[in-house]
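Peer 1: Under UniProt numbering, think of the first position of the sequence shown as 1, with each following residue one higher. A virtual CB, placed ideally from N, CA and C, is assigned to each residue, including glycine. These numbers were taken from a predicted model, which means no experiment stands behind them. Take a look at this one; I'll ask things after.
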Amino acid sequence: MDPRTKSSFRDEHAAEGARRYGVRPEELTFIGGFQNFIYAYHRDDAKYILRFTPGALRTEEGLEAELEWIRFLSRNGVSVSESVVSVAGLAFELILGDEMDFYATSFMHAPGRRIGYPECLNNAELVEGCGRVTGRLHELSRRYAPLARRHAWDRNEYLLKADQYIPSEHHSVLHALEELKAELARLPVTPDNFGLIHGDINAGNFTVDSSGELTLFDFDECQYSWYVEDIAVQLYYLLYVFGEDSKPLRKAQYELFLAHFENGYADEGRRMPKEWRDQLPLFLRLREIIVFIGMHRSWDLREPDQWTRDFIRDSRMRITNGLSLIDGL
């Protein structure tokens, strides 16, 4: 999280947000967050999430667009963590601060359990389930006509502020980003390959119930982009854990993903995005740059552990050489 944002959020902001949703401040339990402040609370034997989004990160229209998208998906059969209104009946509440304002939003806690590492790796059933829910989401996106408008991929906060977060010794990463953005801007944009996506589907942003159905949550990164980006993000987080010395394991995970994701996505006759396999390397590179930026924005890298040190070294090599995690496999 941006240090300025972290220092601007105080206990009184959390307390005020809790009161707006009819919750006593002492009933909140802080559970983390990468760019938002996330709390859990209980009411009538049900569990809920209370999220505080920095006003510097999202606009009111952007929040309205996110919540409208979630409601649309829910109405059309996608299992998502639905939002709940405040005591005043509002979809979100503005919490004023001295240095920064925050938007408080509450959601139902997703049913089921999370599947983290290493359980999510080499898991054909999970990959197929991810393909199925992604296919449903993209099919609905093709016919979605929202009232509020969400930002497009090139207005992503990580890309807009990359030069503020990347240290000067990694200037070559910024150069690679500009080249990649120009390359992406030349891709065809059609109703069949471009629309509103989740933007951050990974093992940390869904739960799985006993029947294997996935419930998606954390739509904070939803944006207009190519559908292939939604697919590449999922693949990236299944591959990045394998270092350069583990390429055979990375290759096996990649091949399993190709075989089973498409099976799920194409269920009930849904169409995969055209040329999706050819475009995966582009969007894997984009996600790698976003992760690289996010690490330098949010982590204290003065004394990184060995895995982080190796990852940053290898990631920088791939980014500056225009390579993705699947090149050379």
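1) If we count the other Cβ atoms within 10 Å of its Cβ and call it buried at 16 or more, is R58 buried or exposed?
2) By the 10 Å Cβ neighbour count, where 16 or more other Cβ atoms means buried, how is E229 classified, buried or exposed?
3) Roughly how many angstroms separate the alpha carbons of Y237 and D98, rounded to a whole number?
4) For my contact list, Y240 and L325 are in at a C-beta cut-off of 8 Å; report their separation, rounded to the angstrom.
5) With C-beta atoms as the reference, is I70 less than 8 Å away from E60?
6) In three-state DSSP terms, what is L147?
7) Measure from the alpha carbon of E221 to the alpha carbon of each residue in L63, G17, A14 and G32, then state which is nearest.
8) When you compare the region 199-208 with the region 158-176, are there three or more beta-carbon pairs, one atom per stretch, that lie closer than 8 Å?
9) What residue from G135, T29 and E16 has the CA that sits closest to L96's CA?
10) Report yes if the C-beta distance between L140 and F72 is below 8 Å; otherwise report no.
11) My output table needs one value for residue 345: the three-state DSSP class, helix, strand or coil.
12) What span of residues does the alpha helix (DSSP H) with I197 cover, start to end?
13) Taking the DSSP output, what are the residues bridged to L50?
14) Return the CA-CA distance between I31 and I293, expressed in angstroms with no decimal places.
15) Mapping DSSP to helix, strand and coil, what is I95?
16) Give me the Cα-Cα distance between N263 and R186, rounded to the nearest whole angstrom.
17) Starting from W226, trace the alpha helix (DSSP H) both ways and give me its first and last residue.
18) Does the beta-carbon distance from F52 to V84 come in below 8 Å?
19) Does the beta-carbon distance from residue 334 to L214 come in below 8 Å?
20) Would you say F37 and E128 are within 8 Å of each other, going by their C-beta atoms?
21) Do Y227 and H138 come within 8 Å of each other at the CB atom, strictly closer than that value?
Peer 2: Quick answer:
1) Here the question's residue 58 lines up with position 58 in the sequence shown. Buried.
2) Stepping through the sequence shown from its first residue, residue 229 is reached at position 229. It is buried - the Cβ of E229 has at least 16 other Cβ atoms within 10 Å.
3) The sequence position of residue 237 within the sequence shown is 237, counting from 1. The sequence position of residue 98 within the sequence shown is 98, counting from 1. Cα to Cα, Y237 sits roughly 37 Å from D98.
4) What you label residue 240 is simply residue 240 of the sequence shown in a count that begins at 1. What you label residue 325 is simply residue 325 of the sequence shown in a count that begins at 1. Yes, they are in contact, since the Cβ atoms of Y240 and L325 sit about 6 Å apart, within 8 Å.
5) Taking the first residue of the sequence shown as 1, we reach residue 70 at position 70. Taking the first residue of the sequence shown as 1, we reach residue 60 at position 60. No. Outside cutoff.
6) Within the sequence shown, numbered from 1, the residue matching residue 147 stands at position 147. Here L147 sits in coil by DSSP.
7) Sequence index remark: in the sequence shown, residue 221 carries index 221 (1-based). When only C-alpha atoms are compared, the closest one is L63.
8) no
9) As a working mapping, residue 96 is identified with position 96 in the sequence shown. If we check each option's Cα against that of L96, E16 comes out closest.
10) Translated into positions along the sequence shown, residue 140 becomes position 140. Translated into positions along the sequence shown, residue 72 becomes position 72. Against a cut-off of 8 Å, the Cβ pair of F72 and L140 comes out as a contact.
11) The structure shown does not extend to residue 345, since the chain spans only 1 to 329, so no value can be given for it.
12) Numbered from 1 along the sequence shown, position 197 holds the residue referred to as residue 197. Segment F194 to I197 is the beta strand (DSSP E) holding I197; no alpha helix (DSSP H) there.
13) Residue mapping note: residue 50 aligns to position 50 of the sequence shown, counting from 1. L50 is bridged to Y39 and S106.
14) Within the sequence shown, residue 31 is the residue found at index 31, counting from 1. Within the sequence shown, residue 293 is the residue found at index 293, counting from 1. A straight line joining the alpha-carbon of I31 with that of I293 spans about 23 Å.
15) What you label residue 95 is simply residue 95 of the sequence shown in a count that begins at 1. In this structure, I95 counts as strand in the three-state DSSP scheme.
16) For the purposes of this step, residue 263 is taken as the residue at position 263 of the sequence shown. For the purposes of this step, residue 186 is taken as the residue at position 186 of the sequence shown. The C-alpha of R186 is placed about 29 Å away from the C-alpha of N263.
17) Along the sequence shown, one-based indexing puts residue 226 at 226. W226 -> not in any alpha helix (DSSP H); beta strand (DSSP E) instead, spanning Q223 to W226.
18) Walking along the sequence shown from the start, residue 52 turns up at place 52. Walking along the sequence shown from the start, residue 84 turns up at place 84. Going by C-beta atoms, F52 is not nearer than 8 Å to V84.
19) Nothing about residue 334 can be reported from this structure: the residues present for the chain run from 1 to 329 only.
20) Reading the sequence shown from its first residue, position 37 is the one you call residue 37. Reading the sequence shown from its first residue, position 128 is the one you call residue 128. No, the pair does not count as a contact, with Cβ atoms beyond the cut-off.
21) Mapped onto the sequence shown, residue 138 falls at position 138. Mapped onto the sequence shown, residue 227 falls at position 227. A contact, by the Cβ cut-off of 8 Å.
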